[in-house]
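J.: Chains as they are written, first to last, in the working numbering: chain A, 1 to 531; chain B, 1001 to 1116.
Note that beta-carbon positions come from the ideal geometry of N, C-alpha and C, so glycine has one too.
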Amino acid sequence: MTGTVSRADSGQRRSEEQARGPQDTRIEAPPVDIDPSDPLLVYVRSNPSPVDLTQLKLDSPAADELRAAGVQMVVPLAAQGELIGMLNLGPRLSEQDYSSDDRELLERLAGQAAPALRVSQLAREQEAEARLRERYEQEMRIARLIQQNFLPEEAPQPQGWDLHALYRPAREVGGDFYDFIDLEDGRLGIVVGDVTDKGVPAALVMASTRSVLRAAAHRLVDPGPVLERVNGQLQPDIPENMFVTCLYGVLEPDSGRFRFANAGHNLPCIQTEDGAVEVEATGMPLGLMPGMNYEESEVVVGAGRSVLFYSDALPEAHSPDGEMFGFPRLVATVGDAPGGSELIDAVLEAVDGFTAEDWEEEDDITIVVLARSGTADPAFATEARGPRELVSFSLPSEPGREREAMDRVSSAIAELPLAEGQLEQVETAVSEATMNAIEHGNETRSELLVDVRVAVDGDRLLIGVTDQRVGGDAPTTEIRPDLEAKLRGDQSPRGWGLFLIENMVDEVHVDETDDRRTVELVVRMDGDPDE
Amino acid sequence: MSDFHAEVRRLDDVTVIAIAGDLDGDAGEPLRGAYQEATATDPDAVIIDFDELGFMNSSGIAHVVSLLGSARQADIDIRACGLSDHYRHVFEITRLADFMTIYDSEEAAASSPVGG
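1) Mind checking the stretch 148–174 of chain A against chain B and listing, in chain order, the residues whose C-beta falls within less than 8 angstroms of any C-beta there?
2) Would you report the Cα separation of residue 1067/B and residue 1016/B, rounded to the nearest angstrom?
3) Inspect the beta-carbon positions of residue 249/A and residue 285/A and report whether they are closer than 8 angstroms.
4) Please report whether the beta-carbon of residue 1068/B lies at a distance below 8 angstroms from any beta-carbon of chain A.
5) Does the CB of residue 525/A have a neighbour CB from chain B at under 8 angstroms?
6) Does residue 1039/B come within less than 8 angstroms of chain A when only Cβ atoms are used?
7) Where does residue 484/A fall in DSSP's three states?
8) By how many angstroms is the C-alpha of residue 335/A removed from the C-alpha of residue 422/A?
9) Are the Cβ atoms of residue 188/A and residue 179/A separated by less than 8 angstroms?
10) I'd like the span of the alpha helix (DSSP H) that includes residue 232/A, first residue to last.
11) Can you tell me whether residue 1058/B is buried or exposed, with buried defined as 16 or more other CB within 10 angstroms of its CB?
12) With burial defined as no fewer than 16 other Cβ atoms inside 10 Å of the residue's Cβ, what is the status of residue 66/A: buried or exposed?
13) Measuring only between beta-carbons, confirm whether residue 494/A sits less than 8 angstroms from chain B.
14) Rounded to a whole number of angstroms, what is the C-alpha to C-alpha distance between residue 47/A and residue 70/A?
15) Assuming residue 131/A is part of the alpha helix (DSSP H), what are its boundary residues?
16) In three-state DSSP terms, what is residue 393/A?
17) Does the Cβ of residue 1041/B have 16 or more other Cβ atoms within 10 Å, making it buried, or fewer, making it exposed?
18) Check the Cβ-Cβ distances between residue 424/A and every residue of chain B, and say whether any is below 8 angstroms.
19) Give the secondary structure of residue 262/A by DSSP, where H, G and I count as helix, E and B as strand, and everything else as coil.
20) Between which two residues does the beta strand (DSSP E) harbouring residue 278/A extend?
21) Shorter than 8 angstroms from the beta carbon of residue 1094/B to some beta carbon of chain A?
22) Report all residues from its chain with a CB closer than 6 angstroms to the CB of residue 1050/B; omit the five preceding and five following residues, and keep chain order.
23) Using CA coordinates, which residue listed in 355/A, 115/A, 491/A, 151/A is at the minimum distance from residue 321/A?
24) Closest Cβ-Cβ distance between residue 1005/B and chain A: below 8 angstroms?
25) My output table needs one value for residue 345/A: the three-state DSSP class, helix, strand or coil.
26) When you compare the CB of residue 335/A with every CB in chain B, is at least one pair closer than 8 angstroms?
27) For a contact defined as C-beta to C-beta under 7 angstroms, what are the partners of residue 431/A on chain B?
28) Please list, in chain order, all residues of the same chain as residue 232/A whose beta carbon is under 7 angstroms from its beta carbon, the five residues on each side excluded.
29) Does DSSP put residue 213/A in a helix, a strand or coil?
30) Using only alpha-carbon positions, find the residue among 362/A, 304/A, 44/A, 434/A that is nearest to residue 406/A.
31) Do we get a CB-CB distance below 8 angstroms when we pair residue 293/A with the residues of chain B?
32) Around the Cβ of residue 324/A, are there at least 16 other Cβ atoms within 10 angstroms (buried) or fewer (exposed)?
33) Could you tell me whether any Cβ in chain A is nearer than 8 angstroms to the Cβ of residue 1017/B?
34) Taking only the alpha-carbon atoms, compute the straight-line gap between residue 1008/B and residue 502/A and give it to the nearest angstrom.
35) The stretch 500–515 of chain A: which residues have C-beta closer than 8 angstroms to a C-beta of chain B, in chain order?
36) Which one or two residues does DSSP pair with residue 307/A in a beta bridge?
Listed below in structure tokens is the structure:
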């Protein structure tokens, strides 16, 4: 008897085993490719007993090929109802036909061989899986090594400050990182960031972000330009679908001033006499788009107060029923907690109490705390400086969207101390500025966005309306409207937009770059609204 | 956002265009129609009643300017009433108030002598 076992689970060329005959005249049949949809397979699946190919009337390329290879008898091997292979036999060595006893014997043999074959198949699959897992774990070890190699071994301790950092890796290595950079005049650069993606690619991007940032920090100092530079250098080389959120700030230990810019990272949370506040500075993550600008914000940290920086794992930790821990809980926790290292403990405890047991394994956790020594003294209270954002949103450039902008700004500023009539004046100015941005700046192309941003800086209300400046007709060049000329028909009856804006607010500034125009409206609250 | 609507009615020797809703870019046609209807009967004056006005923007102002331009050519007296403080302010800074007298109420606008 000669024969081979061919696997039927794929069309691959696989000659697996050889059945040895009693004599030396063994011939190995050449391996045969079987298409998974071949009628022969369909036939033996529905009829799992030995098939004599010389008797078989079936339009099957596989049967033809097997015959050509000298196969006469095909014995299907099935385990748990699944066809896992076929035993292919040539003619009997005695040159007699296969008897019905032979067939019965073969069928019994197949019934016993099939489960054993299946077990060996499964064992091989498991081996392959184990190898894959091992490779993955090896990769994770490398990623962890790269990452930990770049995290500072200990936090610097400037005079009058206490700095703490905690990094706890998850099962998988994420892209969290932080860094401290000694700058001139005793100032200290502080970096916290997160690379999207995990494993070695994330660790490598993290390492290059760190070195580019270190170089830029020494050269440029101001956090906004530093992030601009880093973005400019990372962006061309960063793999697609990867980006880096990163907050960079400079601390002046003596004055307590902390000035920072933010590329899409979580906002720093600062303890004040009235609980904790998040201080905003807007900017796109690093590596997404070239030519980004990064807003700067500044806070002064009071004696005995702390600033908390953290990665996504904290707000994104969720309870057993899927609820997120979220920013409001985090801010409240920071507001009620002591400062320094106890702040880290308090935050971890609060998240622990909220979540299911294993939350710490889901994502890396990074926490950095800057704690100013001394007891909290209201006279030197932490104070947020710079504009405080109330709302920001984007609208497609479609006719009528200016009303939406107006309504959203209106509800955002409803609680502000505006003089009588000021709210309506702001509404009119916002509606006109947005309409100009839609119609002139973006030429009513709905795919272009108008960005509206509302902030408060002291007693000034600041509203920025930004278009993408595709239209050539700048609203700032509008001719001063002359009503007599308009009534005579010598001037278009239109053209009141900018005139209205200028008369509704205290100041109008226009800031233009190649691809953006921002009209900033400034309103002094509680002041004389208009003359 | 509420749709613009302009209703015309006769009040003794004058006609009233009562405006309701938002006077913006889309209000041009209905406002012009209302003006033609209001002037067809050769009234002493046309009163635009802004009492039910929702919102007016620069495009709406342009429509009022057009209407006022036509009225001046035809020597028709246009008066305004029912303006909120905000839009009265807008009419003052745009100087529309110099070319159409603003009254506190429709009655006051209707009872004012022609040319006054």
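T.: Quick answer:
1) Sequence-ordered contacts of the stretch 148–174 of chain A with chain B are nonexistent [C-beta pairs closer than 8 angstroms].
2) As a first step, residue 1067/B must be located in the second sequence, where it is residue number 67. As a first step, residue 1016/B must be located in the second sequence, where it is residue number 16. Taken atom to atom, the span from the alpha-carbon of residue 1067/B to that of residue 1016/B is near 14 angstroms.
3) As a working mapping, residue 249/A is identified with position 249 in the first sequence. As a working mapping, residue 285/A is identified with position 285 in the first sequence. The answer is no: Cβ separation not under 8 angstroms.
4) Walking along the second sequence from the start, residue 1068/B turns up at place 68. Yes, residue 1068/B counts as interfacial toward chain A.
5) Taking the first sequence and counting its residues from 1, one reaches residue 525/A at position 525. Chain B, which has no Cβ nearer than 8 angstroms to the Cβ of residue 525/A, makes this no.
6) Here the question's residue 1039/B lines up with position 39 in the second sequence. Cβ-Cβ to chain A under 8 angstroms: no for residue 1039/B.
7) Within the first sequence, numbered from 1, the residue matching residue 484/A stands at position 484. In the structure shown, residue 484/A sits in a helix (DSSP, three-state: H, G or I).
8) Here residue 422/A refers to the residue found at position 422 of the first sequence. Here residue 335/A refers to the residue found at position 335 of the first sequence. Taking the straight line joining both Cα atoms gives about 34 angstroms.
9) Position 188 of the first sequence, counted from the first residue, corresponds to residue 188/A. Position 179 of the first sequence, counted from the first residue, corresponds to residue 179/A. The criterion of a C-beta distance shorter than 8 angstroms is not satisfied by residue 188/A and residue 179/A.
10) Residue numbering aside, residue 232/A sits at position 232 when the first sequence is read from its first letter. Looking at the DSSP string, the run of the alpha helix (DSSP H) that includes residue 232/A is 223–234.
11) Looking up residue 1058/B in the second sequence gives position 58. Residue 1058/B sits buried, since 16 or more C-beta atoms from the chains shown fall within 10 Å of its C-beta.
12) The count along the first sequence starts at 1 and reaches residue 66/A at position 66. With 16 or more other Cβ atoms inside 10 Å of its own Cβ, residue 66/A counts as buried.
13) One-based indexing of the first sequence puts residue 494/A at position 494. Residue 494/A counts as touching chain B.
14) Against the first sequence, residue 47/A aligns to sequence position 47. Against the first sequence, residue 70/A aligns to sequence position 70. Cα-Cα distance, rounded: 22 angstroms.
15) Residue numbering aside, residue 131/A sits at position 131 when the first sequence is read from its first letter. Residue 131/A -> alpha helix (DSSP H) spans 100–150.
16) For the purposes of this step, residue 393/A is identified with residue 393 of the first sequence, where counting begins at 1. In the displayed model, residue 393/A falls within a strand according to three-state DSSP.
17) Along the second sequence, read from residue 1 onward, the residue named residue 1041/B stands at position 41. So residue 1041/B ends up on the exposed side.
18) Position 424 of the first sequence, counting from 1, holds the residue named residue 424/A. Yes, because at least one Cβ of chain B sits closer than 8 angstroms to the Cβ of residue 424/A.
19) Within the first sequence, residue 262/A is the residue found at index 262, counting from 1. In the structure shown, residue 262/A falls within a strand segment according to DSSP collapsed to helix, strand and coil.
20) On the first sequence, position 278 is the one that residue 278/A refers to. Start and end: 275–278.
21) Here residue 1094/B corresponds to residue number 94 of the second sequence, with the count starting at 1. Judged by the 8 angstroms Cβ criterion, residue 1094/B is in contact with chain A.
22) If you number the second sequence from 1, residue 1050/B lands on position 50. Apart from sequence neighbours up to five positions away, the residues of its chain that approach residue 1050/B with a beta-carbon distance below 6 angstroms are 1019, 1082, 1083, ordered along the chain.
23) Here residue 321/A is taken as the residue at index 321 of the first sequence, counted from 1. Of 355/A, 115/A, 491/A, 151/A, the residue nearest in Cα terms is 355/A.
24) Taking the first residue of the second sequence as 1, we reach residue 1005/B at position 5. Closer than 8 angstroms: no.
25) The count along the first sequence starts at 1 and reaches residue 345/A at position 345. Three-state result, residue 345/A: helix.
26) Here residue 335/A is taken as the residue at index 335 of the first sequence, counted from 1. Residue 335/A does not count as touching chain B.
27) Here residue 431/A refers to the residue found at position 431 of the first sequence. Residues of chain B passing the Cβ test: 1057.
28) One-based indexing of the first sequence puts residue 232/A at position 232. Excluding residues within five positions, the ones whose Cβ falls inside 7 angstroms are 290.
29) Looking up residue 213/A in the first sequence gives position 213. Annotated three-state conformation of residue 213/A is helix, per DSSP.
30) Numbered from 1 along the first sequence, position 406 holds the residue referred to as residue 406/A. Considering only alpha carbons, the answer is 434/A.
31) Your numbering for residue 293/A matches position 293 in the first sequence. Put simply, the CB of residue 293/A is far from chain B, with every gap to its CB atoms at 8 angstroms or more.
32) Locating residue 324/A in the first sequence gives position 324, counting from the first residue. Residue 324/A is exposed by the Cβ-count criterion.
33) Counted from its first residue, the second sequence places residue 1017/B at position 17. No - not a single Cβ of chain A is within 8 angstroms of the one on residue 1017/B.
34) Numbered from its first residue, the second sequence carries residue 1008/B at position 8. Numbered from its first residue, the first sequence carries residue 502/A at position 502. The alpha-carbon of residue 1008/B is positioned some 34 angstroms away from that of residue 502/A.
35) Within the stretch 500–515 of chain A, contact with chain B at the beta-carbon level (separation under 8 angstroms) is assigned to 500, 503.
36) For the purposes of this step, residue 307/A is identified with residue 307 of the first sequence, where counting begins at 1. Within the DSSP secondary-structure output, residue 307/A pairs in a beta bridge with 270/A, 370/A.
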